[in-house]
Amino acid sequence: MVHRDVRRICPLCEATCGLLVDLDKDGPVALRPNPDDVFSAGHACAKGLGLAATDRDPDRLRTPMVREGGRLRAATWAEAFAAVARRLPPLVAQDRRAAAVYTGNPAAHHLDHTFYLPAFLGALGTPNLFSPASLDTLPKNLATMLLYGTGLGVALPDLDRTDLVLLLGTNPLVSNGSTVCMPGFGDRLAALRARGGRVVVADPARTRTAEVADLHLPVRPNSDAHLLLGMLSVIAADGSACLGAADGLVDGADEVLGLAAPFTPEVVAPVVGIPPETIRDLARSFAAAERAVAHARIGTCTQGYGSLANWLVEVLNIVTGRLDTPGGAMFAKPPGGGPTTWPGGGKLLTGRWHSRVRGLPESLGELPAACLAEEILTPGEGQVRALVTIAGNPARSVPGSEHVEEALASLDFMLSLDTYLNETTRHADVVLPAPGLLTHGHFDLTLNHFQIRDAARWSPAALDPAPGELPEWHQLARLTGILRGDPDLTVTAFDDEVADQAIRRAAKLARRPEDVVRAAVEPRRGPERLLDLRLRSGPYGDRFGEDPSGLTLAVLEEHPDGIDYGPLRPRLPDVLRTPTGRIDVAPEVLMADVERLRAGLEADAAPDRLVMINRRQRRGMNSWLHNALPHRTDAESALLMHPDDAASRDLVDGDEVVVRSGAGQVTAELRVDDAIRPGVVSLPHGWGHDGGGLRMRRATASPGTNVNALADDLVVEPLTGIAIFSGITVEVEAHDHATVPAAAR
Ligand code: SF4
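Our numbering numbers the first residue of the sequence shown as -9 and each following residue consecutively.
Now the structure itself:
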């Protein structure tokens, strides 16, 4: 029997579109956009509408796998947990640093992990925690933390009310947005232009977003900080700075403008690669617009000046009076609560410990993923010998893929919680499968911080786990018990323990007695009880009965299309969690890093280098959708090169080429295209589904090129340790001219 029109929030990306799902007992059979969803109003993309293919993928793991005689075989849950109990606790008994955990993006958006992973990590006790944050966002988190006091309290582009948007290093018409929840980005840009506004895109490639812009600035990779300094220099010289709504709360504006002053458009133009008068005009039109906002994403993060670029975007918004103003950069008020609504904060969560081998700094509780391989491969006290991966594929996400796979193969024990046997999990000793996508409820507590309207939406579980499937929080309960030496820890006891802590916290937040809070969330159990606690103690919550009109999970259940709290409203100064309660727009660590940029001006302007950037694809989500939604054509993973660069190398469209960097080399098909600026080539990321031991038949039939083999895990942005994927120096030549090692073919 098919159930129709089951509401579901798409869990795949920041747009968080509402979907209507038709499903049978085995999972979704068809999906449509939900026109009544209060947040996404009928938007959805091919990835979300392809969720049925993902969920019903015959290659998706449905039973645990255990390594025996060198090969992974299907096993029972009891066998899998017994193997973990036998091998993981002894490895960490002497030294907790012997374990590491890599948590992939999907886990950050799954309530089971949001609520129960901390208990598992506490039982493991290792400081070696890694995630894709150090592969895609850390500079933005650092800038946000230094200026506003938390890594999640990001100032969001209020696109629906602005007159001018400057987009740097982001291609939302393909990615659907990142670190901002804005379904239907393309329609919103079109509406902006229809009301007389302007869209400016700074990107080395004429992306789909750049194609719909009023102005495309084909900047050179790794030059966003230069462009922004040039703009600030003009604003400083013109005396056009004003602080707007942030006036009286900002320290250091004069200092940062003084620092920017020498970086005139003429000084930075050779690095940026666009004329100085264009930079000057842009600065003046940005400062003069009634409402304007600059927004930067991944291309500005994964580069050598990532922290500077992301800081300077905030500076530009602040000194032109855009912060906390409709049409400018505004803060969400997340219905599930979070660091920007909770009291406290004011701590700088960076540099509290360092990686063992290279001494890279911790940020927001994690070490840079670029040092994962060396922490495993380098002998000595504290060497990582056991790894847990959760919904992540570091073998294709982390730079220096060859290094990473060598490291994974050398481990004494590896446990993976995942849906596939992919390039990472093929090295595991035990793999625990995730149940179907509709077997758990969905409310994205992380992405609540990035919504461009405050809204609350809840998708309850639509199906029971299939026979043999185990909810992820049940898996975490068993694993936590094993690590604590209490293998009989029941799921109920584990849940009650986590809930006790959450009840104490919620009671404090809502200023209500614990017994009242506990009774209010009865008889719920599991993630739903914990979510109810968050909602009811959150900024719209009912404070456990005190405000009968307030938000509860029961209220959300009565609103299957969600509750809209309206456009973002000013939140200064309450949103700030800095030690002073003010905004220091000139933090010492970032001001000092400008000297590094200044010292590199000449080298960065060198014209004769060919550099590589990554690109996003509409049907891809890093690596994990490639089996359900594989390449339509091999050309999708082709190397893009400008016609002038192709001609100077005697290359033509369709050639097979070798791309070589200091870290490695790959082969790819060439696509000659003037959409990319001269001196820059581009490959998509997440591909390279090759080698033995994979169970991803459609992906391996069209494996694509592994771009991360060209990224060097030893080269990182110095302030955050984020990996550098943008601006890698490469050489490209015809395949038949090159000597290609077998591994690169
Ligand atoms: S845009 Fe993102 S959230 Fe919306 S359907 Fe596509 S993948 Fe899902």
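For every residue, glycine included, the Cβ atom is placed at its ideal position computed from N, Cα and C.
- Relative to the ligand SF4, the nearest heavy atom lies less than 8 angstroms away from the CB of G38.
- Short of 8 angstroms from the beta carbon of G334, and not among the five residues preceding or following it, lie these beta carbons of its own chain, in chain order: R567.
- Judged by beta-carbon spacing, V506 lies beyond the 9 angstroms limit of R519, meaning their Cβ atoms are not closer than that value.
- Of the heavy atoms belonging to the ligand SF4, at least one sits nearer than 8 angstroms to the Cβ of A34.
- Taking the Cα positions, V155 is about 14 angstroms away from M172.
- Taking T104 as the centre and dropping the five residues before and after it, the same chain places the C-beta of L435 closer than 6 angstroms to its C-beta, in chain order.
- When the alpha-carbon of W677 is set against those of N696, R526, T6, the nearest one is in N696.
- Here the C-alpha atom of A596 lies approximately 16 angstroms from the C-alpha atom of V671.
- Beta-bridge partners of C291 (DSSP): none assigned.
- Y92 sits close to F120, with the two beta carbons spaced by under 9 angstroms.
- Under the three-state reduction of DSSP output, A483 falls in the helix class.
- In the DSSP assignment, H216 falls within the unbroken alpha helix (DSSP H) covering 214 to 228.
- For R526, there is no enclosing beta strand (DSSP E); the enclosing alpha helix (DSSP H) covers residues 516 to 526.
- P23 carries a strand assignment under DSSP once its states are collapsed to helix, strand and coil.
- The region 572 to 591 makes no contact with the region 163 to 178, as fewer than three CB pairs between them are under 8 angstroms.
- When only Cα atoms are considered, S30 and G8 end up about 6 angstroms apart.
- The region 26 to 65 contains, as complete beta strand (DSSP E) runs of 3+ residues, the segments 55 to 58, 61 to 64 (chain order).
- DSSP, reduced to helix, strand and coil, places N604 within a strand of the structure shown.
- For the region 411 to 439, the continuous beta strand (DSSP E) assignments of 3+ residues that do not extend past its boundaries occur at 420 to 423, in sequence order.
- Ranked by Cα distance from P560, the options P54, G318, L247, N95 are led by G318.
- As for any beta strand (DSSP E) of minimum length 3 sitting wholly inside the region 532 to 581, the runs are 553 to 557, ordered along the chain.
- Here the alpha carbon of K15 sits roughly 49 angstroms from the alpha carbon of A282.
- In the DSSP assignment, Q655 falls outside any alpha helix (DSSP H) and within the unbroken beta strand (DSSP E) covering 655 to 662.
- Taking C-beta separations shorter than 8 angstroms and ignoring five residues to either side along the sequence, the partners of I472 in its chain run F71, V74, A75, L78, P79, following chain order.
- In the three-state reduction of the DSSP assignment, Y530 falls in the coil class.
- Counted as a single uninterrupted DSSP element, the beta strand (DSSP E) harbouring D14 occupies residues 8 to 14.
- Note that the region 418 to 433 touches the region 44 to 54; at least 3 beta-carbon pairs, one per stretch, sit closer than 8 angstroms.
- With a 10 Å radius around the Cβ and a threshold of 16 neighbouring Cβ atoms, K323 comes out buried.
- In the displayed model, P674 falls within a strand according to three-state DSSP.
- Fewer than three pairs of CB atoms, one per stretch, sit closer than 8 angstroms, so the region 137 to 153 makes no contact with the region 369 to 388.
- If you check the C-beta of T44 against the ligand SF4, you find no heavy atom less than 8 angstroms away.
- Comparing alpha carbon positions, the residue from G669, G296, H616 closest to P693 is H616.
- In this structure, T470 sits away from R515, with a CB-CB distance that is not shorter than 9 angstroms.
- Burial state of W343 is exposed, judged by a 10 Å Cβ sphere holding fewer than 16 other Cβ atoms.
- With 16 or more neighbouring CB atoms inside 10 Å of its own CB, Q441 falls in the buried class.
- Between S613 and N412 a beta carbon distance of about 7 angstroms is seen, short of the 8 angstroms cut, so the two are scored as contacting.
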